[in-house]
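These notes are about the structure you will find just below.
Residue numbers (the numbering used here): -18 to 201.
What follows is the structure in structure tokens.
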């Protein structure tokens, strides 16, 4: 009896695990956007914002990476039926491309701390590996894929989003941020007599990661 229940549970999980993980990834991204906004300002040092944000930041990438791995290793070519509820391969490939957008992360939190930027090489390797896994899954089903056009569009957007995040880590690292800052022309002057600083700089990519660290610094 126990073995029968365990076997049925395993079959149910095998059939629905990709759907569940994709929904979990979506929920994590939405919650991360919300908590990343809350942690700015007076909520920056609150434990009920700090700890959930940290856990979701670590979990979001892991869930997306694991799901892409499941999709790329899946050999399902069946359609959704009552006896075989596994999603068809063309849907899986579209989901894999969509998960690359999740790996690009929300715009309001690129790195959780300044030290995270030092792992830009790991993120670069992850970019190459996950894009390769998604392309592999896409090419396997290309001949029978009815959703190849939207899959290509989402894949392109996901690669650009993930590459943007990797570039933000690279340019905000300790090794490269100083070089970029010194090479940039900075002007200090009064802005209409208010004594503010005017840089005249285009917004560099690295400030996207630096801003996340700055918002955690308490203001006195």
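Positions of the beta carbon are idealized from the N, C-alpha and C atoms, including for glycine.
Taking 6 Å as the limit between beta carbons, can you name the residues of its chain near residue i, skipping five residues before and five after?
| i | result |
| --- | --- |
| residue 14 | 87 |
| residue 34 | 16 and 20 |
| residue 112 | 140 |
| residue 171 | Per-residue confidence for residue 171 stands at a pLDDT of 41, beneath the threshold of 50, marking its modelled position as unreliable; the derived number appears in the next sentence. The answer is none, since no qualifying residue turns up. |
| residue 82 | 139 and 142 |
| residue 208 | Any property of residue 208 remains undetermined from this structure, which presents the chain solely from -18 to 201. |
The alpha helix (DSSP H) that contains residue i, what's its start and end?
| i | result |
| --- | --- |
| residue 70 | 70 to 85 |
| residue 49 | 28 to 54 |
| residue 128 | Residue 128 -> no alpha helix (DSSP H), and no H or E assigned at all. |
| residue 114 | 101 to 121 |
Since residue i and residue j are thought to touch, with beta carbons under 8 Å apart, how far apart are those beta carbons, to the nearest angstrom?
| i | j | result |
| --- | --- | --- |
| residue 151 | residue 101 | 4 Å |
| residue 85 | residue 145 | 6 Å |
| residue 153 | residue 74 | Contact doesn't hold; Cβ gap of about 33 Å is too wide. |
| residue 78 | residue 136 | 4 Å |
| residue 53 | residue 117 | 5 Å |
| residue 202 | residue 114 | No information on residue 202 is available, as it lies outside the stretch -18 to 201 that the chain covers here. |
| residue 126 | residue 18 | Rounded, the Cβ-Cβ distance is 37 Å, inconsistent with contact. |
So for residue i, helix, strand or coil by DSSP?
| i | result |
| --- | --- |
| residue -5 | helix |
| residue -13 | helix |
| residue 0 | helix |
| residue 151 | helix |
| residue 89 | coil |
| residue 18 | helix |
| residue 65 | Its pLDDT being 48, under 50, residue 65 is placed unreliably in this model, and the coordinates cannot settle the point. |
Is there a C-beta anywhere in chain C that falls below 8 Å from the one on residue i?
| i | result |
| --- | --- |
| residue 143 | Absent from the structure is chain C; it holds one protein chain and no more. |
Within 10 Å of its beta-carbon, does residue i have 16 or more other beta-carbons around it, so buried, or fewer, so exposed?
| i | result |
| --- | --- |
| residue -5 | exposed |
| residue 139 | buried |
| residue 122 | buried |
| residue 28 | exposed |
| residue 70 | buried |
| residue 120 | exposed |
| residue 109 | exposed |
| residue -11 | exposed |
| residue 130 | exposed |
| residue 59 | With a pLDDT of 46 at residue 59, under the threshold of 50, the predicted position of this residue should be treated as unreliable, though the coordinate-derived value follows. That one is exposed. |
What does a CB cutoff of less than 7 Å around residue i pick up in its chain, not counting 5 residues either side in sequence?
| i | result |
| --- | --- |
| residue 48 | -1, 2, 3, 6 and 80 |
| residue 9 | 37, 40, 41 and 44 |
| residue 105 | 147 |
| residue 99 | 154 and 155 |
| residue 157 | 151 |
| residue 103 | none |
| residue 134 | none |
Residues in its own chain within less than 8 Å of residue i by CB, not counting five upstream and five downstream?
| i | result |
| --- | --- |
| residue 128 | 71, 72, 74 and 75 |
| residue 30 | 16, 19, 20 and 24 |
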